[in-house]
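Visitor:
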Amino acid sequence: MGCRWYTVFDEAIPSKPNISVPALDVNYSPAFKFRTIYRQGGHHRGPYGGEQEWCLRNRSVAEEVGRPPGGSTCHTYSAYFNPKDYFDNHPEYASFMNGKYNLELHDQFCQTNPDVRKIVLEKLRKVIRDNPNADYYEVSTNDGNRQRCQCPGCMEIEKQEGRTGPFMDFINFLADGIKDEFPKAIIRTFAYNVTALPTKTMKYRPNVCVRVCITGTEHLPFTAPENAFALRDVQAWRERATRLFKWDYDGLAHGQVFPAPIFDSYTDRFNLYPKLNIEGLFLESELMVSPRPFVGMRHWVWLHKAEDPSRDVWELVQDFSNGMYGKAAPHIMSLLKLTEKRKQDYPYNLYDFSYLTGAQGLFDKAEKAVADSPKALARVREARLGLDLATLYYWTKAITDHVRSGGKESDWKLNKDTIIARVEPLLLAVQKEGRWLSCGVPHWNAQQKQQAEEKWLTKFQQTVVQPVVNCGRAAKNVMPLPPELETVPADRIVDLPAPVIGFCDGRGPFYEQVDDRIPVPDPQSTAGNAVFISNERMKAFGGVLPFHLGIYDSTGRVGGGARINPDDIKGEGYRLYKMGRFRLSDTAYIYLTGSWQIQIRPLIPFLNPDNPDHPWDIYLSLKTSGPGLPFGDKTGKDGIFLDRMILVRVDEERKLTRGEVRAAEKGENLLASGDFDRNEKPDPKTGLPRGLRVSAGEGATVALDAETKASGTHSLRITRSGDAGAATVSFADPVPVVPGATYLLSAKVMFTDRHISFAFGCLDEKKNGLPHQPDNLVKMEPVTRYLGIGSTYFNVPYACQEKPNSFNPIEMALVIPAQAHYLNVSLGYGHAIGAAWFDDVQVRQILA
1 MGCRWYTVFD EAIPSKPNIS VPALDVNYSP AFKFRTIYRQ GGHHRGPYGG EQEWCLRNRS
61 VAEEVGRPPG GSTCHTYSAY FNPKDYFDNH PEYASFMNGK YNLELHDQFC QTNPDVRKIV
121 LEKLRKVIRD NPNADYYEVS TNDGNRQRCQ CPGCMEIEKQ EGRTGPFMDF INFLADGIKD
181 EFPKAIIRTF AYNVTALPTK TMKYRPNVCV RVCITGTEHL PFTAPENAFA LRDVQAWRER
241 ATRLFKWDYD GLAHGQVFPA PIFDSYTDRF NLYPKLNIEG LFLESELMVS PRPFVGMRHW
301 VWLHKAEDPS RDVWELVQDF SNGMYGKAAP HIMSLLKLTE KRKQDYPYNL YDFSYLTGAQ
361 GLFDKAEKAV ADSPKALARV REARLGLDLA TLYYWTKAIT DHVRSGGKES DWKLNKDTII
421 ARVEPLLLAV QKEGRWLSCG VPHWNAQQKQ QAEEKWLTKF QQTVVQPVVN CGRAAKNVMP
481 LPPELETVPA DRIVDLPAPV IGFCDGRGPF YEQVDDRIPV PDPQSTAGNA VFISNERMKA
541 FGGVLPFHLG IYDSTGRVGG GARINPDDIK GEGYRLYKMG RFRLSDTAYI YLTGSWQIQI
601 RPLIPFLNPD NPDHPWDIYL SLKTSGPGLP FGDKTGKDGI FLDRMILVRV DEERKLTRGE
661 VRAAEKGENL LASGDFDRNE KPDPKTGLPR GLRVSAGEGA TVALDAETKA SGTHSLRITR
721 SGDAGAATVS FADPVPVVPG ATYLLSAKVM FTDRHISFAF GCLDEKKNGL PHQPDNLVKM
781 EPVTRYLGIG STYFNVPYAC QEKPNSFNPI EMALVIPAQA HYLNVSLGYG HAIGAAWFDD
841 VQVRQILA
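Start counting the sequence shown at 1; every next residue gets the next number (our numbering).
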């Protein structure tokens with residue numbers, strides 16, 4: 001009949017004098033039994049009903065979830081068992097960490113304790129009796145918990161199956177305990193956070209459903225190379241669980257505030273999910289407080305695609321566009337297709353001169369096409385908000401890149417004042433209308449809701465509207481290159497001004513913690529704006545100095561970094577600091593500050609797809625502020641102003657290939673203690689050979705192991721518990737090396753979890769460290785990533801354990817930099833609970 005309910009605010013009902021309905025006999029089964037979207041503003045009502053009515057009209061089907069009193073539809077561990085309730089008499093019910101039972105792990109409990117298991121099982125039985133018709137009974141880990149119990153029982157399972165093992169064993173126990181009395185009851189649990197990795201061999205019982213929260217890079221197809229790790233993990237869960245439920249995220253980069261490619265990825269994902277026999281889909285889309293362009297379209301298309309994956313995504317998009325934007329629909333479709341076409345450039349390279357000017361031109365045509373339709377015009381202008389915000393935030397970068405590539409500054413025809421005049425009133429008007437408001441809860445009365453909305457509108461004005469306007473007004477057109485980089489070809493430079501840095505971690509100013517993300521005008525800045533990081537905010541991390549920059553690879557769980565110490569500050573005003581040379585990967589991101597609060601991700605737009613591990617020199621431009629910092633002004637607030645980050649792609653000379661390294665003749669092992677077999681005169685403090693130096697925090701131990709070894713008589717074992725600092729063992733005597741020569745570093749390793757490291761550092765002829773040494777590495781499998789500065793860490797991925805509980809080889813070849821004469825080698829285990837074993841550690845020169 002042509003009726004459409006696009007949002008709770010917008011419907012399209014055709015007017016017909018007569019309606020003729022033929023005899024119908026329609027019977028079909030949706031591809032997924034359950035299809036729901038979590039929208040934080042779900043209790044709001046528009047002129048055509050509220051969230052419930054919208055869901056029913058669009059055939060969203062939510063599952064009924066059985067859970068204990070006070071429990072939610074997820075993260076229910078605490079509702080089933082809170083160790084605080086038993087701790088005085090039974091501390092052993094709590095998690096064992098750092099040599100004691102404690103309550104500091106988001107109420108996480110010991111999952112192998114027999115009494116705990118009995119208590120939880122009995123509560124679960126009661127929940128099922130009280131809710132006999134529920135589709136699932138949720139038993140899932142507490143949110144925010146990244147640790148787990150380290151008692152002997154839990155660690156024995158973890159040694160065999162990895163960190164998810166104790167969780168899975170616990171759920172299987174519950175599943176076995178209910179199957180006879182409740183043969184139709186299904187327990188649902190999470191593959192998320194601490195349980196994201198599948199077990200090595202253990203499988204779930206048939207009456208367990210795993211809700212997989214692994215998503216990858218949302219704007220790219222799930223089968224794209226950049227999402228290979230996510231697809232691998234989902235498929236691994238498919239092999240270990242007979243029932244799967246998929247939790248997706250509608251969380252694009254840039255806080256979902258700017259136009260973003262997404263619809264092509266829907267096609268790929270909805271083609272894949274049925275093949276994985278996924279029985280339910282859940283989309284988390286909770287940031288309803290921001291001007292998210294086409295968010296209503298995304299939700300409407302997602303629901304209809306979830307109901308019938310065979311439907312064409314772009315036909316659904318066209319349907320929505322026709323109903324919402326009328327005569328402007330062709331221009332809206334052109335904009336959306338333009339955005340999808342540039343998906344590989346998203347986010348940082350998408351909003352360039354070509355895209356911004358082209359997209360603004362399409363919106364000009366769209367507004368003109370519906371000038372005589374107030375409702376359609378209002379919808380077009382609301383959709384334009386995201387593009388206007390992107391234009392203001394990328395103003396400096398877009399013009400600068402255009403000029404550096406041979407264009408003229410005068411080519412830029414967009415008017416900043418015109419855009420600001422559109423943005424400022426519309427942001428507040430749409431917010432007041434309630435389209436994005438998400439304050440309040442359903443049981444609040446009218447007065448409570450009004451007070452909350454007034455408070456939110458005041459905050460919205462102070463933390464969003466005004467900063468956006470100020471940033472736009474202060475933005476300069478063109479940033480000159482620093483003198484040090486003036487001779488570098490423009491195509492090797494990625495120059496990120498403060499507004500882009502402040503928006504790059506996926507949240508930007510449209511998030512509660514805004515003081516270290518919102519760009520502030522600064523006439524001293526070459527960009528016109530800077531991100532201010534206050535010393536007070538960073539107090540828990542030791543203050544803003546040292547100022548940290550790091551690289552973290554989310555697939556390999558490895559990284560490297562550098563920092564600016566107080567003594568490194570060069571003087572007043574903005575100064576350029578070379579942070580070092582790093583290899584970036586398509587699954588890595590750059591973070592700033594000791595709190596990692598500012599993150600530049602994804603890095604895909606910067607990388608050469610033919611050589612994604614290319615080395616980059618990274619520079620930061622910053623100045624100190626306040627009397628408490630070196631060269632800070634005497635009246636300002638203590639902190640650091642960061643106005644730009646510059647990445648320079650480095651050309652590298654040809655290195656030996658992996659095959660050439662393996663086939664070449666090699667010299668003797670230069671590490672005398674690398675086999676850990678000779679310990680005639682052990683160090684009295686450590687009990688280890690005197691050639692080894694140990695650094696281990698509380699809760700970490702290092703010892704020789706005569707039972708678990710790859711060869712010889714001993715291996716080196718590092719055991720770590722809880723929040724203990726990483727344990728590191730270094731070879732005390734630096735290895736003399738030949739500048740320019742290639743060396744093979746190798747070892748045999750076994751471990752119960754990731755975050756193992758095999759690191760090296762180059763030293764000059766006086767044995768001083770080389771903090772900015774080039775990363776001259778030859779990639780050798782199964783080491784998947786190598787990032788760093790000074791010390792470079794070999795990532796040893798969990799997947800390289802082809803044979804569980806056995807030693808596996810790792811190796812890496814290094815071309816010694818010209819200024820290096822010695823090599824430091826160290827072994828480490830950190831950010832993980834369990835044990836790691838090292839054996840046959842070698843450094844050998846490639847002779848031919």
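Note that the Cβ used here is the ideal one computed from N, Cα and C, for glycine as well.
(1) Give the DSSP bridge partners of residue 497, in chain order.
(2) Taking just the CA atoms, how far does residue 211 sit from residue 189?
(3) Three-state secondary structure (DSSP) at residue 763?
(4) Are residue 268 and residue 215 touching if we call contact CB-CB under 9 Å?
(5) Compare the beta carbon distance of residue 746 and residue 844 with 9 Å and say whether it is the shorter of the two.
(6) Would the beta-carbon of residue 108 fall within 9 Å of that of residue 149?
(7) Do residue 71 and residue 80 count as a contact pair if the criterion is CB distance below 9 Å?
(8) Look at residue 350 and residue 342 and say whether their C-beta atoms are less than 9 Å apart.
(9) Using alpha carbons as the reference points, say which of 375, 183, 592 and 293 lies closest to residue 260.
(10) Straight-line CA distance for residue 473 to residue 497?
(11) Using a threshold of 9 Å, state whether the C-beta atoms of residue 468 and residue 427 are closer than that.
(12) Less than 8 Å separating the Cβ of residue 581 from some heavy atom of the ligand COA?
(13) I'd like to check one pair, residue 352 with residue 401: are the Cβ atoms closer than 9 Å?
(14) In its own chain, which residues sit with a C-beta less than 7 Å from the C-beta of residue 320, not counting the 5 before and 5 after it?
(15) Give the C-beta separation of residue 525 and residue 417 to the nearest angstrom, bearing in mind that I take them to be a contact with Cβ-Cβ under 8 Å.
(16) Unbroken alpha helix (DSSP H) runs of length 4 or more, entirely within the stretch 643-717: which are they?
(17) Alpha carbons only, please: which of 488, 519 and 410 is nearest the one belonging to residue 501?
(18) Tell me the residue span of the beta strand (DSSP E) that contains residue 331.
(19) Should residue 738 go down as buried or exposed, given a rule of 16 or more other Cβ atoms within 10 Å for buried?
(20) Can you name, in chain order, every residue of its own chain whose Cβ lies under 8 Å from the Cβ of residue 359, other than the five neighbours on each side?
(21) With DSSP collapsed to three states, give me the class of residue 872.
(22) Keeping to the same chain, check which residues put their C-beta closer than 6 Å to that of residue 695; ignore five residues upstream and five downstream.
(23) Work out the CA separation of residue 637 and residue 543 for me, nearest whole Å.
(24) Please work out which residues of its chain come closer than 8 Å, Cβ to Cβ, to residue 227, disregarding the five sequence neighbours upstream and downstream, and give them in chain order.
(25) Looking only at its chain, what residues have a beta carbon closer than 6 Å to the beta carbon of residue 748, apart from the 5 residues adjacent to it on each side?
(26) Tell me whether residue 56 is buried or exposed, calling it buried when 16 or more other Cβ atoms sit within 10 Å of its Cβ.
(27) Of the choices 139, 708 and 278, whose alpha-carbon is the least far from that of residue 172?
(28) Going by C-alpha distance, which of 633, 539 and 495 is nearest residue 576?
(29) With H, G and I counted as helix, E and B as strand and the rest as coil, what does DSSP make of residue 33?
(30) Mind checking who residue 533 pairs with in its DSSP beta bridge?
(31) Would you report the Cα separation of residue 603 and residue 347, rounded to the nearest angstrom?
(32) Output the boundary residues of the beta strand (DSSP E) element that contains residue 845.
(33) Could you check the C-alpha separation between residue 164 and residue 357 for me, to the nearest Å?
(34) With the cut-off set at 9 Å, would you say residue 8 and residue 51 are in Cβ contact?
(35) Can you have a look at residue 155 and say buried or exposed, based on whether 16 or more other CB atoms are within 10 angstroms of its CB?
(36) Among residues of its own chain, excluding the 5 on either side of residue 2, which ones have a beta-carbon nearer than 7 Å to its beta-carbon?
Guide: If we stick to the structure as given:
(1) Per DSSP, the beta bridge partners of residue 497 are 644.
(2) Taken atom to atom, the span from the alpha-carbon of residue 189 to that of residue 211 is near 6 Å.
(3) Note: residue 763 maps to strand in three-state DSSP.
(4) No, the Cβ-Cβ distance between residue 268 and residue 215 is not below 9 Å.
(5) Result yes, Cβ atoms of residue 746 and residue 844 sit closer than 9 Å.
(6) Contact flag set, yes.
(7) Closer than 9 Å, so yes.
(8) Result yes, Cβ atoms of residue 350 and residue 342 sit closer than 9 Å.
(9) Residue 260 has its Cα closest to that of 293, out of 375, 183, 592 and 293.
(10) Distance between the alpha carbons of residue 473 and residue 497 is about 15 Å.
(11) A contact, by the Cβ cut-off of 9 Å.
(12) Looking for the ligand COA in the displayed structure turns up nothing, as the structure carries no ligands at all.
(13) The Cβ-Cβ distance between residue 401 and residue 352 falls below 9 Å.
(14) Beyond the five residues adjoining it in sequence on each side, residue 320 comes within less than 7 Å, by CB distance, of 6, 297, 300 and 301 in the same chain, given in chain order.
(15) Under the criterion of beta carbons closer than 8 Å, residue 525 and residue 417 do not qualify as touching, at roughly 21 Å.
(16) Within the stretch 643-717, the runs of alpha helix (DSSP H) at least 4 residues long that lie entirely inside it are, in chain order, 658-663.
(17) Nearest C-alpha to residue 501: 519.
(18) It is not in any beta strand (DSSP E) - residue 331 instead sits in the alpha helix (DSSP H) that spans 329-341.
(19) Label assigned to residue 738: exposed.
(20) Short of 8 Å from the beta carbon of residue 359, and not among the five residues preceding or following it, lie these beta carbons of its own chain, in chain order: 259, 335, 338, 339 and 387.
(21) Residue numbering for the chain in the displayed model covers 1 to 848; residue 872 lies beyond these limits and cannot be assessed.
(22) These residues qualify, in order along the chain: 728.
(23) Note on geometry: alpha-carbon atoms of residue 543 and residue 637 lie some 13 Å from one another.
(24) Counting only Cβ-Cβ distances below 8 Å, and skipping sequence neighbours, we find 216, 217, 220 and 221.
(25) Around residue 748: 710, 807, 809, 839 and 840.
(26) With fewer than 16 other Cβ atoms within 10 Å, it is exposed.
(27) Among 139, 708 and 278, the Cα nearest to that of residue 172 belongs to 139.
(28) If you compare the alpha carbons of 633, 539 and 495 with that of residue 576, the shortest gap goes to 495.
(29) Note: residue 33 maps to coil in three-state DSSP.
(30) 640, per the DSSP bridge assignment.
(31) Taking C-alpha positions only, residue 603 is separated from residue 347 by approximately 9 Å.
(32) The continuous beta strand (DSSP E) containing residue 845 extends over residues 834-845.
(33) Whole-angstrom Cα-Cα distance: 49 Å.
(34) Going by beta carbons, residue 8 and residue 51 fall inside the 9 Å limit.
(35) Using a 10 angstroms sphere on the CB of residue 155, the tally of other CB atoms reaches 16 or more, which defines it as buried.
(36) Leaving aside the five residues that flank residue 2 on each side, the residues in its chain whose CB is nearer than 7 Å to its CB run, in chain order, 14.
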